[in-house]
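A short write-up of the structure that comes next.
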Amino acid sequence: MSRLAMFGGARTVDADAGTSPATAWPIVTNAEREAVLAVLDSGRFTSVERGEVQLLEEEWARYTGVGHCAALSSGTAAIELALAATGLEPGAEILVPALSFIATASAPVMRGLVPVFVDIDPLTYTIDPAAAAAAITPRTQAILAVHLHGLPCDMDALRTLADRHGLVLVEDAAQAHGATYRGRQAGALGDVAAFSLNASKNLPTSGEGGLLTTDDPAIHERVVLRRQFGEDLTGRGERGYLSQVIAGNAKLSSVQAAFTRCQLARLAERHEQRDRNVRRFLGRLAALDGIVTPHCPEDRTHAWFQLRLRFDPREAGCPEVTPGALRTVLQRALRAEGVPVRPYQSLPLPAQPALRDAFPDQPYRPQDHPTTLAVIEDSLTMQRWHLNPAAGPVLTRCADAFEKVWEQLDTLVPAARSMTYRPKWREAGTEAAPA
Ligand SMILES: Cc1ncc(COP(=O)(O)O)c(C=O)c1O
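Mind the numbering: the sequence shown is residues 55 to 489 in the numbering used here, read in order.
Take a look at the structure:
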């Protein structure tokens with residue numbers, strides 16, 4: 055048995071694995087280079103002139119199976135404009151999962167809405183429909199369903215809830231390009247959906263961008279108006295400089311659209327190879343006691359934007375160790391072996407300083423979202439490397455590293471046992487409110 059790298063042994067994964075072409079993301083080929091150069095040569099740089107932006111919108115609407123798509127400057131802008139275009143009243147409540155990226159909560163706040171945080175389902179890590187039902191008040195007007203890590207939420211349950219209470223159902227599909235729920239694409243499951251095209255995403259651009267999809271022509275029209283100063287720029291002829299509504303500037307550039315169109319042409323093919331690589335990798339990890347690999351219900355497909363791995367001290371044979379301490383030593387040991395595991399979100403959204411400042415009369419109560427807290431405490435994620443379809447051999451080495459660490463778990467347990475571990479939500483100065 056070879057010694058763990060953290061104790062001076064050889065690392066399992068090559069030191070240059072993260073900078074090799076096999077793990078690069080996004081993948082830039084001559085197709086992207088030529089498409090971007092063609093835009094530069096064309097002189098048509100903005101989305102106002104018909105060109106790459108409109109073609110991307112048409113292609114993404116077709117891909118997701120919706121009537122309309124609007125290209126935007128970011129996923130955050132797409133959530134904001136989705137909320138602006140669906141008639142939500144200022145001060146209305148919107149149900150938001152407690153585990154997500156900050157934009158899921160900050161976009162509603164920037165639109166004058168009040169996020170009400172809902173715990174996640176312990177198997178899918180997406181918003182728990184039963185907890186969502188319990189959080190509805192007379193002020194609730196919308197649900198923001200985040201397809202976290204690339205797995206669609208239980209959209210039929212959320213649709214039933216939304217219809218029963220007259221709520222708008224918005225998808226945050228920033229991480230879920232190409233994922234499906236009961237045969238339908240993410241982006242076609244709610245009233246309106248927001249995607250990110252950030253360079254880290256499964257469907258990336260060479261920088262920042264977003265896409266918004268909807269079947270409702272009125273929502274689409276309102277979004278298009280609001281992405282460009284409230285001006286109707288759809289007609290021909292001279293620009294009138296007439297603004298119908300107060301709005302910012304959230305357009306996508308033609309260069310970004312041209313790059314993304316090349317990525318879109320390969321999205322399905324890359325997903326298939328990634329799906330094979332990831333399932334093989336997760337299959338090996340699932341055989342190790344105490345590792346809980348992501349669950350994908352049969353009625354869905356997973357885009358595998360991120361792979362979240364939970365660690366159960368009891369199943370791993372060290373019930374006396376706290377989940378946070380086990381996760382901390384595992385992160386050290388696995389990183390020393392060359393596996394790029396890292397936490398994704400160190401706080402539930404309502405514990406974020408920005409949210410606590412924005413709503414001082416709603417102190418963070420850890421007891422309100424126990425599953426979110428448990429998942430944050432006991433898990434690490436794999437990001438980016440596995441997106442590249444050529445990453446199969448690197449993932450095999452990563453699985454080797456997990457197996458090596460697991461064989462020698464007993465050498466790590468003393469460090470985990472003696473560690474003074476303080477959860478981040480406590481470090482952030484957040485204490486439980488009186489019950
Ligand atoms: C779940 C989720 N929502 C929204 C966003 C915001 O997207 P963008 O970075 O394009 O603004 C992200 C970005 O990572 C995200 O992961």
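Quick reminder that beta carbons are idealized off the backbone N, C-alpha and C, glycines included.
In terms of Cα proximity to Arg57, the closest of Ala445, Val459, Leu135 and Gln229 is Val459.
Taking 8 Å as the upper bound for CB-CB distance, Glu113 and Leu403 are not in contact here, some 33 Å apart. Nearest to Thr314 by alpha-carbon distance, out of Leu198, Pro258 and Gly62, is Pro258. Going by C-alpha positions, Phe249 is about 12 Å away from Thr268.
Residue environment analysis places Gln298 among the exposed positions, since fewer than 16 neighbouring C-beta atoms fall within 10 angstroms of its C-beta.
Counting the other Cβ atoms within 10 Å of the Cβ of Gly121 gives fewer than 16, which makes it exposed. Taking a 10 Å sphere around the C-beta of Ile181, we find 16 or more other C-beta atoms and assign the residue as buried. Set against 7 Å, the gap from the CB of Val163 to the closest heavy atom of ligand 1 is not smaller.
Within the same chain, Cβ atoms closer than 8 Å to the Cβ of Ala186 are found at Leu149, Val172, Ile197, Leu212 and Leu215, the five residues on either side in sequence being excluded. At a threshold of 7 Å, Ile133 counts as near ligand 1, since its beta carbon sits closer than that to one of the ligand's heavy atoms. Residue state for Asp366 is assigned as coil, using DSSP reduced to three classes. Around the beta carbon of His349, a 10 Å sphere encloses fewer than 16 other beta carbons of the protein chains shown; the residue is thus reported as exposed. Met55 sits exposed, since fewer than 16 C-beta atoms from the chains shown fall within 10 Å of its C-beta.
Fully contained in the stretch 333 to 416 are the following beta strand (DSSP E) runs of length 3 or more, in chain order: 360 to 365. DSSP, read as helix, strand or coil, puts Ser297 in strand.
In this structure the stretch 226 to 237 does not lie against the stretch 96 to 108, because fewer than three pairs of beta carbons, one per stretch, are closer than 8 Å. Burial of Arg381 is indicated by the presence of at least 16 other C-beta atoms within 10 angstroms of its C-beta.
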